[in-house]
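Engineer: Next up is a structure, given as structure tokens.
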Amino acid sequence: MPAQSIRQVLRRLEQQQIDTIYVLFGEEAYLHQEYLAILSQRLLEGAPRDFNFDLFQADSDGLVEALSLARTLPMMASCRVVVLQGIQQLRKADVRQLEQYAEAPSESTALICTSTDPEIKKVPRALQQNAVTIACKRLSGDQLHDWVTRTAARQQVRISEAAVEAFLQDQDNDLFLLSRELDKLCTYVGPEADIEPVDVHAVCYASRQQSIFALSDALGSRQIPRAFHVLEQLLQQGEAPLLVFSMIVRHLRLLWSVKALTQQRQDVGHIAKTLGLPVHVCRQMITHSRQMSSAQIQQLYQTAVEADLAFKSTNKSPQAVLERLVLALCSDT
1 MPAQSIRQVL RRLEQQQIDT IYVLFGEEAY LHQEYLAILS QRLLEGAPRD FNFDLFQADS
61 DGLVEALSLA RTLPMMASCR VVVLQGIQQL RKADVRQLEQ YAEAPSESTA LICTSTDPEI
121 KKVPRALQQN AVTIACKRLS GDQLHDWVTR TAARQQVRIS EAAVEAFLQD QDNDLFLLSR
181 ELDKLCTYVG PEADIEPVDV HAVCYASRQQ SIFALSDALG SRQIPRAFHV LEQLLQQGEA
241 PLLVFSMIVR HLRLLWSVKA LTQQRQDVGH IAKTLGLPVH VCRQMITHSR QMSSAQIQQL
301 YQTAVEADLA FKSTNKSPQA VLERLVLALC SDT
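Residue 1 is where the sequence shown starts when you use full-length UniProt numbering, and the numbers rise one by one after that.
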């Protein structure tokens, strides 16, 4: 069946229409967590959660136990919730067990499966046919604006359209990082208040913006001691390592864009306007870009990709990964 929005699913739940299987699919991990929390809360409203909520990872053992519990009657409740995370990792033989359950699911259980596959067509066919599917794709444009407004509203705070624009202007669309920054804003203005652009600049950009420019300048001019000093300052200020990493990646993207625009003989004013940069920052970026070839910038970006993998797949501390990245970016390429 076609994918539904979380709003459509919640409307069905308000009408007491509980489905037996839900599938969250897509690459946005934050939405997986958000929708899973919302669904489980609504499905178990008023029921003892300790006896009726179970979460498993989708490996062979987890699948068997999850399906066994899914076939078990709820305790002192009308519905049991069983979550099976990461079904994209299942082997073919295990997928068949899940499909067999989907063809004859328990009427008293809501089985919630999650998959990081970006397209619904990669979800097992029996789940596509028998489950309510909800897309958790990376947000952009109007969808991202709506998410910011809804997230603020859940904290009883209103945010103006102009403030949303200011908030998103210098941010990547990483919902974990955006959520953290939005929490700061909501705490700053307090409940039942309005967030305006002046609040965004006061909370999100004041000291950090100076640090961003300082880190970008140190990386661009390859000043290793200064770059390490600014990095340490950012982390001591409580900035999340992933947020600092996103700053570095943004610096590399801007460096690449500046390089391309200068090769097209665009003047500094046009480049600054195109990229949304202050003119003095744009001049710095142009100077740095002239010191490197396009191939060197591409190699630096590849180094950042490797650091991203290190964040996700090694036991090294995030600070160690960042320090190694800064050292690589400041070294000759």
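Note that beta-carbon positions come from the ideal geometry of N, C-alpha and C, so glycine has one too.
Could you give the first and the last residue of the continuous alpha helix (DSSP H) run that contains Val-279?
Structural biologist: Residue 279 sits at position 279 when you count from the first residue of the sequence shown. Unbroken alpha helix (DSSP H) run through Val-279: 279-290.
Engineer: List the whole-angstrom C-beta distance separating Leu-84 from Cys-113, where the pair is believed to meet the contact cut-off of C-beta under 8 angstroms.
Structural biologist: Within the sequence shown, the letter at position 84 stands for residue 84. Within the sequence shown, the letter at position 113 stands for residue 113. Indeed they touch by this definition, with Cβ atoms about 5 angstroms apart.
Engineer: Mind checking whether Thr-151 and Leu-182 have CB atoms under 8 angstroms apart?
Structural biologist: Position 151 of the sequence shown, counting from 1, holds the residue named residue 151. Position 182 of the sequence shown, counting from 1, holds the residue named residue 182. In contact: Thr-151 and Leu-182 (Cβ atoms closer than 8 angstroms).
Engineer: In chain order, what residues of the same chain have a beta carbon less than 8 angstroms from the beta carbon of Leu-44, not counting five sequence neighbours either side?
Structural biologist: Here residue 44 refers to the residue found at position 44 of the sequence shown. If we look at Leu-44 and ignore the five residues flanking it on each side, its Cβ neighbours are Asn-52, Phe-53, Ala-77, Cys-79 and Val-81.
Engineer: Where does Arg-222 fall in DSSP's three states?
Structural biologist: Stepping through the sequence shown from its first residue, residue 222 is reached at position 222. In this structure, Arg-222 counts as coil in the three-state DSSP scheme.
Engineer: Measuring CB to CB, does Ser-289 end up less than 8 angstroms from Thr-262?
Structural biologist: If you number the sequence shown from 1, residue 289 lands on position 289. If you number the sequence shown from 1, residue 262 lands on position 262. Their beta carbons are under 8 angstroms apart, which means Ser-289 touches Thr-262 by this criterion.
Engineer: Specify, as a first and last residue, the run of the alpha helix (DSSP H) that Ala-70 falls within.
Structural biologist: The residue you call residue 70 lines up with position 70 of the sequence shown. Unbroken alpha helix (DSSP H) run through Ala-70: 60-70.
Engineer: In terms of residue numbering, what span does the beta strand (DSSP E) encompassing Thr-133 cover?
Structural biologist: Residue 133 sits at position 133 when you count from the first residue of the sequence shown. Residues 132-135.
Engineer: Out of curiosity, what's the CA-to-CA distance linking Asp-61 and Leu-67?
Structural biologist: In the sequence shown, residue 61 corresponds to position 61, counting from 1. In the sequence shown, residue 67 corresponds to position 67, counting from 1. Cα-Cα distance, rounded: 10 angstroms.
Engineer: DSSP on Ala-162, reduced to helix/strand/coil?
Structural biologist: Locating residue 162 in the sequence shown gives position 162, counting from the first residue. Looking at Ala-162 - three-state DSSP - the assignment turns out to be helix.
Engineer: With Cys-186 as the anchor, note down where its alpha helix (DSSP H) starts and where it stops.
Structural biologist: As a working mapping, residue 186 is identified with position 186 in the sequence shown. Where Cys-186 is concerned, the enclosing alpha helix (DSSP H) stretches over 175-189.
Engineer: Do you know how far the Cα of Leu-309 is from the Cα of Gln-17?
Structural biologist: Position 17 of the sequence shown, counted from the start, is the residue given in the question as residue 17. Position 309 of the sequence shown, counted from the start, is the residue given in the question as residue 309. Computed Cα separation, rounded: 41 angstroms.
Engineer: Decide yes or no for the touch test of the region 28-39 against the region 135-146: beta carbon pairs closer than 8 angstroms, at least 3 of them.
Structural biologist: A contact exists between the region 28-39 and the region 135-146.
Engineer: Which partner residues does Ile-195 have in the DSSP bridge list?
Structural biologist: The residue you call residue 195 lines up with position 195 of the sequence shown. Answer is Ile-159.
Engineer: So Ser-115 is in the beta strand (DSSP E); what residue range does that whole segment cover?
Structural biologist: To locate residue 115, count along the sequence shown from 1; it is residue 115. Residues 109-115.
Engineer: What's the gap between the Cα of Ser-257 and the Cα of Gln-169?
Structural biologist: Here residue 257 is taken as the residue at index 257 of the sequence shown, counted from 1. Here residue 169 is taken as the residue at index 169 of the sequence shown, counted from 1. Each residue's alpha carbon lies about 17 angstroms from the other.
Engineer: Looking at the structure shown, is Val-305 part of a helix, part of a strand, or coil, going by DSSP?
Structural biologist: Mapped onto the sequence shown, residue 305 falls at position 305. Helix at Val-305.
Engineer: Helix, strand or coil for Arg-80? Go by DSSP, reduced to three states.
Structural biologist: Counting from 1 along the sequence shown, the entry for residue 80 is found at position 80. Residue state, collapsed to three classes: strand.
Engineer: Relative to the alpha-carbon of Tyr-35, which residue among Arg-49, Leu-10 and Leu-55 has its alpha-carbon at the smallest distance?
Structural biologist: The sequence position of residue 35 within the sequence shown is 35, counting from 1. Residue Leu-10 is the option with its Cα nearest to Tyr-35.
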